[in-house]
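Counting along the sequence shown from 1, when you hit position 83 you're at 158 in the working numbering, and nothing is skipped either side. Before any comments, here is the structure.
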Amino acid sequence: MEIIPRGNGFQIEGESAKVDFALDFFKKLEANYQERPDRDFTDSFDFAYILKDAGKELRKKKVWETDTDRTMPWKPSEKILTTYRGKHIYPRTRNQETYFRSFQDNLITFALGPAGTGKTFLSVATACRFLQSGTIDKIILTRPAVEAGENLGFLPGDLNQKVDPYLRPVYDALGECIGAEKTQEYIALTKIEIAPVAFMRGRTLSNAFIILDEAQNCTLAQLKMIMTRLGRNSRMCISGDSTQIDLDHGRSGLEKVVTLFKNTDQIGMVFFGKEDITRHPLVEVIVRKFEEL
76 MEIIPRGNGF
86 QIEGESAKVD
96 FALDFFKKLE
106 ANYQERPDRD
116 FTDSFDFAYI
126 LKDAGKELRK
136 KKVWETDTDR
146 TMPWKPSEKI
156 LTTYRGKHIY
166 PRTRNQETYF
176 RSFQDNLITF
186 ALGPAGTGKT
196 FLSVATACRF
206 LQSGTIDKII
216 LTRPAVEAGE
226 NLGFLPGDLN
236 QKVDPYLRPV
246 YDALGECIGA
256 EKTQEYIALT
266 KIEIAPVAFM
276 RGRTLSNAFI
286 ILDEAQNCTL
296 AQLKMIMTRL
306 GRNSRMCISG
316 DSTQIDLDHG
326 RSGLEKVVTL
336 FKNTDQIGMV
346 FFGKEDITRH
356 PLVEVIVRKF
366 EEL
């Protein structure tokens, strides 16, 4: 099948069944755009995702089916948050929407997948939504202080200055959602707490949204310690990428814990793929190339 540009339109040539399928897809794409709650914020990623999603469904069915058998392209059903700049944040893929729903339906949500799939940002956005609505009283953001062979003792400055580099991604996400000034205000009021994993020991975290980022760099003991901090009226997100482990081989506990708690009530599992990468399109290519090594 071939698509040939013709001024403001295009011409489709090829086998009759494939041309019918393409025409049907473009009609549904137009309807999808008209109905999308996020249509004022869509870009080339959203249309490319719909096209890849349709191709995936087609490969599963392995046949060109009738119009009545084809479902409408995916679109987000609900806004997650309006940022301090007035930008509306919506899920951009099926898995991102599943992720957002899991926070509402489960007490603990695990998210595994490659860089750029929105694991950190969407969890922070959802936590800000819960805080603003009064569902929770505080957000607790934590990460293991393990990066490329360094540790806190080798970094200059006091404890806060040592911790900052490890937690910069969550600061960035907070800044995008509620702004730097509101972030600092909430930190001063202890409505937002940011600390390394080691600082969680011995605590009960109630009325909170707890986000453990970069969980692939946690040991089994650390993950057990964090999960058992969960208090009443709290939600917990544990996210990581098993291809970016900075611990010695075999020390990461993330995949073991995910296997252990599969099919457990009130614990959700979301597995992101390369198709969920919403950063620059080149990031998906980079991830694919590294998987070939």
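Backbone N, C-alpha and C define an ideal beta-carbon position, used for all residues, glycine too. All values derive from a computational prediction rather than experimental measurement.
| Asked | Found |
| --- | --- |
| Among Pro166, Gly161, Trp149 and Met147, nearest to Ile155 - alpha-carbon criterion | Pro166 |
| Within 8 Å, strictly: CB atoms of Ala248 and Thr195 | yes |
| Gly325 - DSSP class collapsed to helix/strand/coil | coil |
| Extent of the continuous beta strand (DSSP E) run through Lys213 | Lys213 to Arg218 |
| Contact set for Glu88: own chain, Cβ-Cβ below 6 Å, skip 5 residues either direction | Glu77 |
| Member of Gln341, Leu295, Phe284 and Asn170 whose CA lies at the smallest distance from the CA of Cys312 | Phe284 |
| Other residues of its chain near Phe205: CB distance less than 6 Å, five sequence neighbours each side excluded | Ile211 and Phe284 |
| Start-to-end residues for the beta strand (DSSP E) that takes in Phe59 | A question about residue 59 goes unanswered here, because the residues of the chain that appear run from 76 up to 368. |
| Coil, strand or helix - Thr157 by DSSP | strand |
| Contact under 8 Å by Cβ, Gln319 with Gln297 | no |
| Span separating the alpha-carbon of Ile79 from that of Ser91 | 16 Å |
| Residues near Glu225 in its chain [Cβ-Cβ closer than 8 Å; skip 5 each side] | Note that Glu225 scores a pLDDT of 46, beneath 50, so its modelled location is shaky; the value from the coordinates is reported in the next line. The answer is none, since no qualifying residue turns up. |
| Gly170 burial status per 10 Å Cβ neighbour count (16 or more: buried) | Note on identity: in this sequence residue 170 is Asn, with Gly being the wrong assignment. Asn170 should be labelled buried. |
| Chain-order list of residues whose beta-carbon lies under 6 Å from that of Thr157 (same chain, five-residue window excluded) | His163 |
| Beta carbon of Thr353 nearer than 8 Å to that of Phe120 | yes |
| Glu77 (DSSP reduced to helix, strand or coil) | strand |
| DSSP three-state assignment for Ala190, whether helix, strand or coil | coil |
| Beta-bridge partners of Ile313, as assigned by DSSP | Phe185 and Leu287 |
| Alpha carbon of Arg81 to alpha carbon of Trp149, nearest angstrom | 28 Å |
| Three-state class that DSSP yields for Leu357 in the structure shown | helix |
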